[in-house]
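Below: one structure, written as structure tokens.
Numbering (our numbering), first residue to last: 1 to 467.
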């Protein structure tokens with residue numbers, strides 16, 4: 001098996017097994033706790049996500065980028081990055097507990113948030129960034145699968161009704177801690193943290209570098225973390241549960257996008273420094289493949305939403321169907337934004353990444369909060385899609401300053417064809433899941449015929465698996 005094929009297989013094992021098991025756990029919690037209980041868990045996890053973000057603040061991505069370089073070209077070594085994450089992690093832990101008394105949530109919600117905050121201690125020691133940077137995806141996949149399996153087993157054993165909801169955060173922290181220990185043992189065997197700490201001046205420089213990326217990531221994370229918090233605060237926990245059910249299905253579909261991101265950052269960082277022309281050529285091919293795959297997945301999920309939502313989450317979540325259909329627009333946009341936003345980080349343009357996300361992220365924050373306060377659940381879903389569109393367009397403009405992809409015509413063509421097929425689906429007397437399969441295939445055929453994607457890109461992808 002080719003080297004890249006092994007890497008992709010290892011990464012997919014973690015995403016399919018690990019995230020698949022996590023999805024099953026979410027479905028179990030959604031059905032067991034009901035929409036309101038599931039919404040309470042989602043709100044608490046969103047709060048944890050924000051606090052955990054400030055406990056890392058871009059160090060994860062810097063760690064991937066630095067460990068992908070040759071040692072003599074590294075600005076920071078693994079020991080320095082590890083120490084920096086521990087410092088930020090425990091600072092975030094303290095700040096998180098200081099914020100909690102000011103939250104205007106129900107008592108149950110506050111108790112859940114307090115419980116989840118303890119996971120920050122484990123997150124601080126998590127070494128996923130090291131293994132991603134070294135492209136040793138099997139170790140991360142093993143840890144993710146172990147963590148998700150333990151989480152699922154413990155949830156099934158201890159959470160049987162809404163009355164057991166307060167067990168969930170402690171089960172979550174236990175599963176994270178188990179994955180941390182596993183990765184730590186593997187890393188120590190590889191002497192991953194054997195490099196010397198070169199003083200606090202390096203840490204200060206590292207924190208300055210992470211501030212640029214972290215500030216930019218703050219705005220990109222608004223799309224994922226803010227909506228459940230805003231919905232829970234301005235609307236209801238039940239609405240947050242319905243939104244989360246729809247968003248969970250979006251996350252599963254976007255595993256393909258995650259594959260690109262985690263392969264793109266280390267590979268592009270290395271190639272950009274050694275063969276810029278080759279890196280640009282590969283980016284153009286990858287962009288076309290992501291354009292087509294994003295459109296197919298978004299269209300397929302949107303058309304199959306009426307069946308998928310009820311099959312997976314049950315009749316109680318039928319009101320999440322229109323939310324899921326709206327959010328499918330985010331799938332298409334995210335596939336494109338991954339090339340632009342993470343591409344800027346991969347080539348070392350941290351300032352450009354920050355500037356490209358600051359404006360769009362600020363507008364997105366205002367849009368989502370206003371939609372939560374003045375509209376309904378559909379309004380929030382539309383605000384999320386519009387926000388992702390703004391982030392994508394502005395990231396594209398900044399990325400185009402360094403790399404010209406020539407993607408406008410292909411993007412417009414793909415959007416128009418996808419919208420036409422989606423409109424056509426309303427006139428077909430077929431089951432939603434069948435329309436999803438047949439019309440997604442039709443979209444690929446049309447895009448191939450109009451040369452949005454060509455044999456060149458398909459052969460390039462095939463060669464990546466067989467070279």
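Every residue, glycine too, gets a C-beta built ideally from N, C-alpha and C.
Restricting attention to 222, 50, 34, 81, the CA atom closest to the CA of residue 314 is found in 34.
Taking the Cα of residue 250 as reference, the smallest distance to any Cα among 175, 219, 223, 356 is reached at 223. Just measuring C-alpha positions, the residue of 89, 25, 77 sitting nearest residue 54 is 89. Secondary structure within the stretch 110-143: not one fully enclosed beta strand (DSSP E) run of 3 or more consecutive residues is present.
A direct Cα-Cα distance of roughly 13 Å separates residue 380 from residue 233. Below 8 Å, too few C-beta pairs join the stretch 237-249 and the stretch 49-67 to call them touching: fewer than three. Taking a C-beta distance under 8 Å as the contact criterion, residue 41 and residue 126 do not qualify as a contact pair. Straight-line spacing of the CA atoms in residue 118 and residue 81 works out to 22 Å. For residue 350, the uninterrupted alpha helix (DSSP H) segment begins and ends at 350-374.
Under a 10 Å Cβ-count criterion, residue 98 is classified as exposed, with fewer than 16 other Cβ atoms of the shown protein chains found around its own Cβ.
Taking every protein chain shown into account, the CB of residue 192 has 16 or more other CB atoms within 10 angstroms, so this residue is buried. Within the same chain, and ignoring the five residues on either side of residue 230 in sequence, the residues whose Cβ sits closer than 6 Å to its Cβ are 368, 369, 372. With 16 or more other Cβ atoms from the protein chains shown falling within 10 Å of its own Cβ, residue 350 counts as buried. Between residue 255 and the set 288, 237, 275, 297, the nearest pair of CA atoms involves 297. The beta carbon of residue 460 lies closer than 6 Å to those of 285 in the same chain, with the five residues before and after it left out.
Non-local beta-carbon contacts of residue 221 in its own chain, meaning distances under 8 Å to residues more than five positions away in sequence, involve 49, 50, 53 in chain order. By the Cβ rule, the stretch 310-330 does not count as touching the stretch 449-458, because fewer than three pairs are nearer than 8 Å.
When 294, 63, 302 are compared, the shortest CA-CA separation from residue 83 is found for 63. Rounded to the nearest whole angstrom, the C-alpha separation of residue 320 and residue 312 is 12 Å. In the three-state reduction of the DSSP assignment, residue 430 falls in the coil class, being assigned neither a helical nor a strand state.
For residue 103, the secondary structure class from DSSP, reduced to helix, strand or coil, is coil. Residue 428 has its alpha-carbon roughly 47 Å from the corresponding atom of residue 58. Take residue 18, set aside five residues on each side of it, and the residues of its chain with a beta-carbon closer than 6 Å to its own are 144, 145, 148, in chain order. In this structure residue 433 touches residue 307 by the C-beta definition: roughly 5 Å separates them, less than 8 Å. Per DSSP, reduced to three states, the secondary structure at residue 161 is coil, with no helix or strand assignment.
Distances from the CA of residue 332 to each of 318, 282, 86, 388 were compared; the closest alpha carbon is that of 388. Residue 283 and residue 339 have their alpha carbons spaced roughly 8 Å apart.
C-alpha of residue 27 to C-alpha of residue 157: approximately 15 Å in a straight line.
Judged by DSSP in its simplified three-state form, residue 195 adopts coil rather than helix or strand. With contacts defined by Cβ atoms closer than 8 Å, residue 363 and residue 344 do not form a contacting pair.
Assignment of residue 254 by DSSP, reduced to helix, strand and coil, places it in the coil class.
Residue 180 and residue 335 have their C-alpha atoms spaced approximately 29 Å apart. Assignment of residue 400 by DSSP, reduced to helix, strand and coil, places it in the coil class.
With respect to the 8 Å criterion, residue 162 and residue 44 are not classified as neighbours on the basis of their beta carbons.
For residue 320, no alpha helix (DSSP H) run applies, since DSSP gives it neither H nor E. Boundaries of the alpha helix (DSSP H) harbouring residue 170: 168-189, taken from the DSSP string.
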